[in-house]
Amino acid sequence: MTHENSQTTSPETEKMTKKEREAACILCGKCVSVCPVYLATKQEELAPKAKQRTIAALKENKQKLHVTDCNKLAEMCVSCGKCAQTCPQGLNFPQQLATMRAKHSGWRQWVWNRWVNQGSVLWPMLSTLSKAAPDSKGKNEASRFVQSIQAMQPPVDIPQYISVAQYDTELANGQSVLLFSGCTANRVQKSWKQKSEAILTNLGYQLVSAKGLTCCGLTLDHAGVPDAAHKSRMQNLRAWRAAERPLLVTFCATCYLGLAEYAHDDSLDWAEGEQEAWTNALRPLSTLWGDSLFTVDVPANLFIRYHQPCHWHGKDADFTWLKEVLYDEVSKPDSASCCGMGGIAQLGNRKLTRKVATRCWDNLLQQPPKKDDSVPCYSKPMGNCLCDLYDEEDEDAPELCDAVTPEYLIVTGCSGCTLQLRGTAPEHSGKKVKVGHWLDILAP
Ligand code: SF4
Ligand code: SF4
Numbered sequence: 000m001t002h003e004n005s006q007t008t009s010p011e012t013e014k015m016t017k018k019e020r021e022a023a024c025i026l027c028g029k030c031v032s033v034c035p036v037y038l039a040t041k042q043e044e045l046a047p048k049a050k051q052r053t054i055a056a057l058k059e060n061k062q063k064l065h066v067t068d069c070n071k072l073a074e075m076c077v078s079c080g081k082c083a084q085t086c087p088q089g090l091n092f093p094q095q096l097a098t099m100r101a102k103h104s105g106w107r108q109w110v111w112n113r114w115v116n117q118g119s120v121l122w123p124m125l126s127t128l129s130k131a132a133p134d135s136k137g138k139n140e141a142s143r144f145v146q147s148i149q150a151m152q153p154p155v156d157i158p159q160y161i162s163v164a165q166y167d168t169e170l171a172n173g174q175s176v177l178l179f180s181g182c183t184a185n186r187v188q189k190s191w192k193q194k195s196e197a198i199l200t201n202l203g204y205q206l207v208s209a210k211g212l213t214c215c216g217l218t219l220d221h222a223g224v225p226d227a228a229h230k231s232r233m234q235n236l237r238a239w240r241a242a243e244r245p246l247l248v249t250f251c252a253t254c255y256l257g258l259a260e261y262a263h264d265d266s267l268d269w270a271e272g273e274q275e276a277w278t279n280a281l282r283p284l285s286t287l288w289g290d291s292l293f294t295v296d297v298p299a300n301l302f303i304r305y306h307q308p309c310h311w312h313g314k315d316a317d318f319t320w321l322k323e324v325l326y327d328e329v330s331k332p333d334s335a336s337c338c339g340m341g342g343i344a345q346l347g348n349r350k351l352t353r354k355v356a357t358r359c360w361d362n363l364l365q366q367p368p369k370k371d372d373s374v375p376c377y378s379k380p381m382g383n384c385l386c387d388l389y390d391e392e393d394e395d396a397p398e399l400c401d402a403v404t405p406e407y408l409i410v411t412g413c414s415g416c417t418l419q420l421r422g423t424a425p426e427h428s429g430k431k432v433k434v435g436h437w438l439d440i441l442a443p
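For the record, in the sequence shown the residue sitting at position 102 is 101 according to numbering that gives the first Met the number 0, with numbers rising by one throughout.
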């Protein structure tokens, strides 16, 4: 239990500089209202401000700092970064946590490092093996683990509702592009990479070889493996330089954030002006369409709901583009909920990440706005079907009513969110809700 007014001043606190005191938590509580772990559990001790105080206490009592304490704390955070975005004091709890994890690493860091760095062998192998798992429909931990692994398999049942009718090639103007596909697309969702390459080529960009690119390093850093993260960053920086500093394009919100953070990392051997050039070169794929034209064919009974990845930090280029193309055919909840992916938290506290995911699903499947008043009958189970106005025997009653079952499709713009949502998807109207990256519903 945290008593906010019972702080005692330790000798270490007295020695704090003015800058450090200014950067201390003022218990304003702003981070509490955005933290998905707190919102899913309502446990005060899991809110970022309580965790900040625990970290501060651990720092002041170094002799009591134990690897078990660090791991327990680390398991209570899914590294969404929302608290850091909100904190008026500029406190970055996930970064503090990463530093602490790095100093007190254990088996989870070891596993995570190998999971990321040897994923080209492990991920496809596990994904294939999971198909043969005896029961992946249950709710016990083993079944849920199998569901998470099965989520890596490419979707086979998502139609391509958007087709490109005409590419706008003016924006490209023959520029070179280095496509940063990220670990998931390179290893288990290769169609995302292939489609992105086709889109960029059709838009008139010159694709340069992505050989040499590796993990963006973000999850390695958050997991507390900073040396491996630094090595990945340096390798990517060298690959960009070798390609003569072209545009750097990605279709994953987490990769985008990971790459954007390079410019603030002075430990990389930047040349004069290179950090700014890096920032200017980095683009989300969905911002490159220019005035391209699309055709859209979405069934009346389908609700496309958009999941906003936390790592876009509110500036979501993908939803802006999807809305321009799909208009009312796509909607998103009033407030974004974290999917609970959480990187290393999946290794330590899967129950907690599930709770976060459940809240996210409740949010995504809440009643979406009505799509089109001219369509009489697509939303009966949501309670606003026009057929309810007619008697069953009424000859004028619309015919669609019993034939149409509403379906949900969740799309997003982050590789990690796609896998997490696919692995936790519930059933709706007797069918498992489909989940895809926006690239999955596009025919280039
Ligand atoms: S990073 Fe996200 S989950 Fe972790 S404490 Fe901050 S808001 Fe909560
Ligand atoms: S937002 Fe920052 S200052 Fe406010 S309670 Fe959270 S950590 Fe403390």
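Every residue, glycine too, gets a C-beta built ideally from N, C-alpha and C.
TODO: Taking the CB atoms as reference points, tell me whether T411 and H312 lie closer together than 9 Å.
DONE: No, Cβ-Cβ distance for T411 and H312 is not below 9 Å.
Task: Per-residue burial, H263 [other beta carbons within 10 Å of its own, 16 or more giving buried] - done: By the neighbour-count criterion, in which 16 or more other beta carbons inside 10 Å mark a residue as buried, H263 falls on the exposed side.
Open item on the list: So, with DSSP's three-state summary, where would you put E426?
Closed with: If DSSP states are grouped into helix, strand and coil, E426 belongs with the strands.
Open item on the list: Any beta carbon from chain C within less than 9 Å of R240's own beta carbon?
Closed with: You won't find chain C in this structure, because it holds only one protein chain.
Task: Sufficient close CB pairs (3 or more, under 8 Å) joining the region 245-265 to the region 210-226 - done: For the pair of segments examined, the region 245-265 was found to touch the region 210-226: the number of CB pairs separated by less than 8 Å reaches three.
TODO: Out of S414, L418 and L408, point me to the one whose CA is closest to E426's CA.
DONE: Nearest C-alpha to E426: L408.
TODO: Ignore the nearest five residues each way along the sequence and tell me which others in M0's own chain have a CB closer than 7 Å to its CB.
DONE: Note that M0 scores 31 on pLDDT, short of 50, meaning its location in the model is unreliable and no value can be drawn from it.
TODO: Look at S180 and Q205 and say whether their C-beta atoms are less than 9 Å apart.
DONE: Cβ atoms of S180 and Q205: not closer than 9 Å.
Open item on the list: I'd like to check one pair, E169 with G203: are the Cβ atoms closer than 9 Å?
Closed with: Yes, Cβ-Cβ distance for G203 and E169 is below 9 Å.
Task: Q350 beta carbon near ligand 1 (any heavy atom closer than 8 Å) - done: For clarity, residue 350 is Lys in the given sequence; the question names Gln instead. The closest heavy atom of ligand 1 lies 8 Å or more from the beta carbon of K350.
Task: Identity of the residue in K430, G429, E406 and G435 nearest G415 by Cα - done: Nearest of K430, G429, E406 and G435 to G415, Cα basis: G435.
Open item on the list: Using a 10 Å radius around the Cβ and a threshold of 16 neighbouring Cβ atoms, would you call D439 buried or exposed?
Closed with: It counts as buried.
Open item on the list: With a threshold of 8 Å (Cβ to nearest heavy atom), would I25 be considered close to ligand 2?
Closed with: Yes, the Cβ of I25 comes within 8 Å of a heavy atom of ligand 2.
Open item on the list: Considering only their Cβ atoms, is the gap separating S330 from F302 smaller than 9 Å?
Closed with: Yes; because the gap between Cβ atoms is below 9 Å, this pair is in contact.
Task: From A97, A101 and K48, residue whose alpha carbon lies closest to that of Q88 - done: Closest by alpha carbon: K48.
Task: Spatial distance of G339 from A83 (CA atoms) - done: Distance between the alpha carbons of G339 and A83: 17 Å.
Task: Nearest-angstrom Cα separation, counted from W269 out to A335 - done: When rounded, the distance between both Cα atoms is 35 Å.
Open item on the list: Let's test the definition: count the other Cβ atoms within 10 Å of the Cβ of N235 and tell me whether it reaches 16, buried, or not, exposed.
Closed with: Burial check for N235: the Cβ neighbour count within 10 Å reaches 16 or more, so the residue is buried.
TODO: Reducing DSSP to helix, strand and coil, say where R244 ends up.
DONE: R244: coil per DSSP, three-state reduction.
Task: DSSP beta-bridge partners of A442 - done: Its beta-bridge partners are S162.
TODO: Express the C-alpha separation of G28 and L281 in angstroms, rounding to a whole number.
DONE: When the Cα atoms are used, L281 and G28 turn out to be separated by approximately 34 Å.
- [ ] Use the C-beta contact count for S285: other C-beta atoms within 10 angstroms, 16 or more gives buried, fewer gives exposed.
- [x] Classification for S285: buried.
Open item on the list: So if DSSP puts L206 in a beta bridge, which residue, or which two residues, is it bridged to?
Closed with: Beta-bridge analysis with DSSP links L206 to V176.
Open item on the list: For P298 and T278, what's the separation of their Cα atoms in angstroms?
Closed with: Each residue's Cα considered, the two are about 40 Å apart.
Open item on the list: Using a Cβ-Cβ cutoff of less than 6 Å, which residues in the same chain neighbour A454 once the five nearest sequence positions on both sides are dropped?
Closed with: Residue 454 cannot be examined here, being either before or after the span of the chain that is shown, 0 to 443.
- [ ] Output the boundary residues of the beta strand (DSSP E) element that contains V324.
- [x] From DSSP, V324 is part of no beta strand (DSSP E) but of the alpha helix (DSSP H) over A316 to L325.
Task: Every unbroken beta strand (DSSP E) within the region 222-284, with a cutoff of 3 residues, ordered by chain - done: Runs of the beta strand (DSSP E) inside the region 222-284: 246-249 and 281-283.
Task: Option in V31, L199 and A238 with minimal Cα separation from G289 - done: Measuring from the Cα of G289, the nearest candidate turns out to be L199.
Task: As assigned by DSSP and simplified to three states, the class of M340 - done: Of the three classes helix, strand and coil, the one that applies to M340 here is coil, per DSSP.
Task: Assigned secondary structure, T168 (DSSP; H/G/I helix, E/B strand, else coil) - done: Three-state result, T168: coil.
Open item on the list: Taking 9 Å as the threshold (C-beta atoms), are K81 and P153 in contact?
Closed with: In this structure, the beta-carbon distance from P153 to K81 does not fall below 9 Å.
Task: Coil, strand or helix - H306 by DSSP - done: If DSSP states are grouped into helix, strand and coil, H306 belongs with the strands.
Task: Reduced DSSP secondary structure (H/G/I, E/B, other) of E406 - done: DSSP places E406 in strand when its eight states are reduced to three.
TODO: For R304, count neighbouring C-beta atoms within 10 Å of its own C-beta (all shown protein chains included) and say buried if the count is 16 or more, exposed if not.
DONE: A buried status is given to R304, since no fewer than 16 other beta-carbon atoms sit within 10 Å of its beta-carbon.
- [ ] Taking all protein chains shown into account, decide if E74 is buried (16 or more other Cβ within 10 angstroms of its Cβ) or exposed.
- [x] Result: buried.
- [ ] Give every residue of the same chain whose Cβ lies closer than 8 Å to the Cβ of T444, excluding the five residues on either side of it in the sequence, and list them in chain order.
- [x] Nothing can be reported for residue 444, as the shown portion of the chain is limited to 0 through 443.
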